[in-house]
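Take the sequence shown: its position 93, counted from the start at 1, is 1323 in the working numbering, and no numbers get skipped. Positions of the beta carbon are idealized from the N, C-alpha and C atoms, including for glycine. Before any comments, here is the structure.
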Amino acid sequence: MGTTAVLAVQGAFIEHEQALARLGEKCVELRQAADLEQGFDRLVLPGGESTVQGKLLDELGMLETLRERILEGMPVLATCAGLILLAKRLDAHDDKRTPRLTTLDVTVQRNAYGRQLGSFHARGAVAGVGDDVPMTFIRAPYVVEAGEGAEVLAEVDGRIVAVRQGAQLALAFHPELDPDPRIHEAFLAL
Ligand code: GLN
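Structure (structure tokens):
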């Protein structure tokens, strides 16, 4: 087991730390640039509000270092807002000025299920992870299009909700909110 850095500027990061701790993984939190000096070999980008997280990553001076490390092949687990931070492209209607990491070859649409469907639960197969994986969606984005480099791992109602590109594993849903450990296990095996 190694050490996973969890982006902890905003959003649902504690649940990821708990899920990883249950698997014996050590976690450190990234709250400011100095935290990047801690040794870590993996990264979790949690759910939350991607515009807030992107601005903070930029203002706190963490964006470039994390982008470089992801491009060098550091494994990343990105959930919900994290998927938006990783996406190279946002849907036409979205705000494109907010800084993002843009390392994952996908087009993402934010808040894609509408207000009334803001939160829902599904179960489905995730390639490389298993069948009947619980999926909790909270004002979730979805992947409109996966580019050449990105492999589609799961769809719900014909919409792409999980992709992998190299060591980047990105999900529209929140695996840290369900007791099933398989997504975090797959992340630690990357
Ligand atoms: N709607 C949020 C956003 O656009 C994502 C929601 C989430 O992470 N649960 O950033």
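Can you tell which of the options has its C-alpha closest to the C-alpha of residue i?
| i | options | result |
| --- | --- | --- |
| A1251 | L1260, A1342, G1232 | G1232 |
| T1234 | R1261, G1269, V1393, G1241 | G1269 |
| R1483 | V1236, F1350, D1361 | This structure cannot speak to residue 1483, because the chain is shown only from 1231 to 1420. |
| T1281 | A1355, H1246, G1388, A1317 | A1317 |
By DSSP's criteria, residue i is part of a beta bridge. Which residues make up the other side?
| i | result |
| --- | --- |
| A1308 | L1275, A1400 |
| M1231 | M1231 is not bridged to any residue. |
| Q1339 | Y1372 |
| P1364 | R1353 |
Does the ligand GLN have a heavy atom nearer than 7 Å to the CB of residue i?
| i | result |
| --- | --- |
| A1380 | no |
| I1390 | no |
| I1368 | yes |
| R1319 | no |
| E1279 | yes |
| C1257 | no |
| P1329 | no |
| A1311 | yes |
| R1299 | no |
| I1244 | no |
Under 7 Å: does the beta carbon of residue i sit that close to some heavy atom of the ligand ZN?
| i | result |
| --- | --- |
| P1305 | Annotation note on the ligand ZN: not contained in the displayed structure, which lists the ligand GLN as its ligands. |
Query raised in the report: Does the stretch 1283 to 1295 come close enough to the stretch 1380 to 1392 that 3 or more CB-CB pairs lie under 8 Å?
Result: no
Query raised in the report: Quick check: the stretch 1316 to 1324 against the stretch 1348 to 1359, are there 3 or more CB pairs under 8 Å?
Result: With a cut-off of 8 Å, the stretch 1348 to 1359 and the stretch 1316 to 1324 do not count as touching, because too few Cβ pairs lie within range.
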